[in-house]
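So the protein sequences, as listed, match chains A and B.
Quick note on the working numbering: the first sequence kicks off at 1 and runs consecutively.
Quick note on the working numbering: the second sequence kicks off at 1001 and runs consecutively.
Yeah, the Cβ is synthetic: ideal placement off N, Cα and C, and Gly gets one too.
Quantities reported herein were computed from a predicted structural model and do not represent experimental measurements.
What follows is a set of notes on a single structure, which appears directly below.
Number of protein chains: 2
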Amino acid sequence: MIEVALLLSKGATCRKVEAGEVIFSEGASPLYYYQLVEGRVRWSNFFDNGKETMHWLVQDGECFGEFALFDGKPYVASAVADIPSTVLRLSADAFHELLAENHEIHLEFSKGFARHLRFKFMFIRAMGSNSPEKMLKELIDYYTEEGKHVCKKCRRLMLTRQQLANISGLRVETVIRAMKLLQRDNRICIVKGKVIV
Amino acid sequence: MIEVALLLSKGATCRKVEAGEVIFSEGASPLYYYQLVEGRVRWSNFFDNGKETMHWLVQDGECFGEFALFDGKPYVASAVADIPSTVLRLSADAFHELLAENHEIHLEFSKGFARHLRFKFMFIRAMGSNSPEKMLKELIDYYTEEGKHVCKKCRRLMLTRQQLANISGLRVETVIRAMKLLQRDNRICIVKGKVIV
DNA sequence: AGGGCTCTATGATCTGCCTCATAAAATTTT
DNA sequence: AAAATTTTATGAGGCAGATCATAGAGCCCT
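In C-alpha cells form, the structure reads like this:
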C-alpha cells in the first residue's frame, strides 16, 4: 500500500517466507507494519478443531495486521504465508513517523480501513440472511466488483470452494452444494468447476 | 468524536430527531459527517421479513456512517434514531478539510477505524464457533472490556436480549436460552434478568 | 389504574447445516 | 509417469437453531 522505495528508505527490511510460515500470531503485540510484496498470505483464526476462519486473503501490494498498530492491542488473527512470499517489515515507530509526515499516505490508510470495514459490514449483513446461497452470492459479487481474486484475463474467480468455506464460515460441503444451486438457477456461471464472473 | 465547538465553527448544524426517524438510508450517497450529541442511534440493515442486523448501537459522542465518506460509496446500512436524539451534521467537504488541517483528528479517526475493525474481526471469529453461547459470551466480554453499554454505577449490561439478538444475528429465543445456559454454568451473572458484568 | 407495547420465557416442531463416510477428479509433487 | 495431496462431489443421518405458538412480566403512556 505504501511505495516500496519509500518503505526501504525508512528502514524497512525485506524477508522471504516459506509456505506455511507464520508471520505474526493471534495474541502477539504489534511491533511492525507488514506489506506483502509478492505471494499470498492468509490472515486467519485457527481453531483447535482444525477449522479456520479466514478474514482476508492478502494479495500482492496489500498490507495486513496494520490496524493493530493504531490501537496498540494484540493481533486478533494470525498471518500465515499461503505460498512462498516476500514480505516488507517496518517498525511501528517508523510507520507512525511516515503517517505524521505524509497526509496523503495517512489518507490512503483511512481509505483502506473504510474499504475493509465496508467488506465486514457487507459480510455480516450477508450472514444475517441465514442462507448459504445468498451469503456466497454476495461474497462473489463483492470480489467481482473489486476485481479481487479475479483473473484479469480469464475472469475466473481464483478461490477454491475450500477457501470460500474458510472465508464464509460455512463447511466445504455446504459451499459445494450452494454453488450448484446458484448455478442451477443461473445466478452464477461455472465452467469446469471454476466460477466465471 | 470531534469536539462539538470545532464542528460548529466549521459550519456543522445541529438537529433533533424523533425515535424511529431515519438519519440516512442504506444505498444513499454519503454527503455528511454525522456525530451523535445525545441519544441513541441504531446503525442497522433492515430486511423485508422484519429481521434487523444491528452493526453498531451508537452512543453519545460517537460518530456513525463516517467510513462511507472515505471511499465515497453508498451507505451499507441505515441509521435510525432509537430514542429522541440530537445529531450534528457536517458537510463532507468541510469534514475532509478538517482532517487535512489537523493530523491529530485524522489519527483519532484512524484509531476509531482500528477499534471498529477489531470488533468486526472478533465478531466474525466468534461466529465461526457455531455456538450461540460462545458467540454471546465473546460479545458480552467485549462490551465489558470496552465499558460500552455498561452502566458505570450498577455494572449492568444495558442491552435487551432482543438487541443482543439483532447484534449477534441470532433469534431472540436462542439468545434467551443461551443466556440461561451461560448463567447455569456460572459464565455470566444475571440478576432479575439483567446481566451484571 | 388501565391500555398498549416490548421484553422475557417456554414448549413443540421443522428445516437445513453440520458431520461423517466415501470416492472420483484435478492438481501438485516426486 | 507415478504417487501424494488437495479439491470436488454425493449420500445419509443427527442435531441445533429457526420458527411458530402462547403467555406472563415489565415498562411507558395517557
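Contact with chain A by residue i, beta-carbon distance below 7 Å
i, result
"Thr1053(B)", "yes"
"Asn1166(B)", "no"
"Met1127(B)", "yes"
"Lys1148(B)", "no"
"Thr1118(B)", "Reading off the sequence shown, one finds Arg at residue 1118(B), where the question assumed Thr. Output row for Arg1118(B): interface = yes."
"Ser1110(B)", "yes"
"Asn1049(B)", "no"
"Val1197(B)", "no"
"Arg1115(B)", "yes"
"Asp1071(B)", "yes"
Residue-chain proximity (residue i, chain B), Cβ-Cβ < 7 Å
i, result
"Gly169(A)", "yes"
"Ser29(A)", "no"
"Phe95(A)", "no"
"Val76(A)", "yes"
"Asn102(A)", "no"
"Phe67(A)", "yes"
"Phe121(A)", "yes"
"Asn45(A)", "yes"
Boundaries of the alpha helix (DSSP H) in which residue i is found, first to last residue
i, result
"Gly1112(B)", "1103-1127"
"Gln1183(B)", "1172-1184"
"Ser1009(B)", "1004-1009"
"Leu69(A)", "68-71"
"Leu136(A)", "132-146"
"Arg1161(B)", "1161-1168"
Residue closest to residue i, alpha-carbon to alpha-carbon, out of the options
i, options, result
"Ser1025(B)", "Gln1059(B), Phe1047(B), Val1076(B), Ile1105(B)", "Val1076(B)"
"Ser1085(B)", "Leu1036(B), Asp1141(B), Leu1057(B)", "Leu1036(B)"
"Leu1008(B)", "Leu1159(B), Phe1046(B), Arg1089(B), Ile1167(B)", "Arg1089(B)"
"Ser1017(B)", "Lys1137(B), Lys1010(B), Arg1177(B), Val1080(B)", "In the sequence on display, residue 1017(B) carries Val and not Ser. It is Val1080(B) whose Cα lies nearest to the Cα of Val1017(B)."
"Ser1091(B)", "Phe1119(B), Met1127(B), Ala1165(B), Cys1014(B)", "Cys1014(B)"
"Phe47(A)", "Ile176(A), Lys148(A), Asn166(A), Arg177(A)", "Asn166(A)"
"Val1087(B)", "Met1001(B), Tyr1034(B), Leu1164(B)", "Tyr1034(B)"
"Cys154(A)", "Asp93(A), Phe95(A), Val175(A), Cys189(A)", "Cys189(A)"
"Glu1003(B)", "His1106(B), Gly1072(B), Asn1049(B)", "His1106(B)"
"Gly1065(B)", "Phe121(A), Ala28(A), Ser44(A), Asp71(A)", "Phe121(A)"
"Ala1094(B)", "Arg1187(B), Ala1012(B), Leu1181(B)", "Ala1012(B)"
"Glu97(A)", "Leu182(A), Phe70(A), Phe123(A)", "Phe70(A)"
"Ala68(A)", "Gly1027(B), Ala1068(B), Arg1187(B), Phe1119(B)", "Phe1119(B)"
"Gln55(A)", "Gly72(A), Leu182(A), Asn49(A), Leu164(A)", "The question names Gln, but residue 55(A) in the sequence shown is His. Out of Gly72(A), Leu182(A), Asn49(A), Leu164(A), Leu164(A) has the C-alpha closest to the C-alpha of His55(A)."
Integer-rounded CB distance, given that residue j should sit under 8 Å from residue i
i, j, result
"Leu157(A)", "Val191(A)", "About 11 Å; that fails the 8 Å criterion."
"Arg1125(B)", "Thr144(A)", "Rounded, the Cβ-Cβ distance is 26 Å, inconsistent with contact."
"Phe113(A)", "Leu1117(B)", "6 Å"
"Ser168(A)", "Leu136(A)", "6 Å"
"Lys10(A)", "Gly1128(B)", "Not a contact, Cβ separation roughly 36 Å."
"Val1150(B)", "Gln1162(B)", "About 18 Å; that fails the 8 Å criterion."
"Met1001(B)", "Glu1146(B)", "Contact doesn't hold; Cβ gap of about 15 Å is too wide."
"His1103(B)", "Ala5(A)", "So it is not a contact: roughly 23 Å between Cβ atoms."
"Ser1044(B)", "Ser1078(B)", "6 Å"
"Val1195(B)", "Ile1140(B)", "6 Å"
Boundaries of the beta strand (DSSP E) in which residue i is found, first to last residue
i, result
"Ile1083(B)", "1078-1091"
"Ile188(A)", "Ile188(A) -> no beta strand (DSSP E), and no H or E assigned at all."
"Asn45(A)", "32-46"
"Arg15(A)", "13-17"
"Leu1057(B)", "1052-1058"
"Val22(A)", "22-24"
Closer than 6 Å: residue i CB and nearest the ligand NAP heavy atom
i, result
"Gly65(A)", "No copy of the ligand NAP appears in this structure; indeed no ligand is present at all."
At least three beta-carbon pairs within less than 8 Å, the region 1117-1132 of chain B to the region 1027-1044 of chain B: Taking 8 Å as the limit for Cβ pairs, the verdict is that the region 1027-1044 of chain B does not touch the region 1117-1132 of chain B.
Check whether the region 10-22 of chain A touches the region 60-72 of chain A, counting contact only when three or more Cβ pairs, one atom from each stretch, lie closer than 8 Å. No, they do not touch.
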